[in-house]
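Read through the structure below, which is laid out as structure tokens, and then see the notes.
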């Protein structure tokens, strides 16, 4: 395999806005009278907004009309956008910029495959938007992670065959999506959790690009 592109997830890989998602989803759950804790939030890693709300509704055994469902999605999103208003380059994880520089030096393309519809805004605030050769649009794919759609869409946007791509994720659903896309899967986080990833690094600061590339062959 010749590595021609590395496709990154956003939350939990390049930065951490999980806390902001947690606060916003917990506020929605509280309104609905549904208990929502950090363990619940962990289960929503890599899951899109619609399915995250469906998870909360299912937990509370709540049936909701489409109009109210969409209204709650909008309320959650507005709350989240308010919370991330002050995010900046200081919120980037250590190791991200050196990794991007190394990829550029090797002429390896960089893609973004986030489940968040706010991903473009977040990377703009982080100051790294120009580093990406293609940014996936979560709203344009039919199925969210663990389906491979977003990763395949980004590979297509990069004009790179999936077999020549490396995917980097922090969520179980994301790793499954990478593997389903026929890409080499790298996990960021706990190797006991991300068991389907071919390689796992605890943080981006420990990410070893040369090791990853060597393991792809």
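Residue numbers (the working numbering): 56 to 272.
Just so you know, even glycine gets a beta-carbon here, dropped at the ideal spot from N, CA and C.
Asked, Found
"If I follow the unbroken alpha helix (DSSP H) through residue 63, where does it start and stop?", "Premise fails: residue 63 lies in the beta strand (DSSP E), 60-63, not in any alpha helix (DSSP H)."
"Residue 168 and residue 206 - do their beta-carbons sit closer together than 7 angstroms?", "yes"
"Which of the three DSSP states, helix, strand or coil, is assigned to residue 120?", "coil"
"For residue 189, tell me which candidate among 174, 271 and 67 has the shortest Cα-Cα distance.", "174"
"DSSP three-state label for residue 125, please.", "helix"
"In this structure, does DSSP put residue 212 in helix, strand or coil?", "helix"
"Would residue 166 pass as a contact of residue 60 if the rule is Cβ separation under 7 angstroms?", "yes"
"Could you tell me whether the Cβ atoms of residue 91 and residue 223 are closer together than 7 angstroms?", "no"
"To which residues does DSSP link residue 240 through a beta bridge?", "222"
"Can you name the residues that DSSP bridges to residue 166?", "62 and 189"
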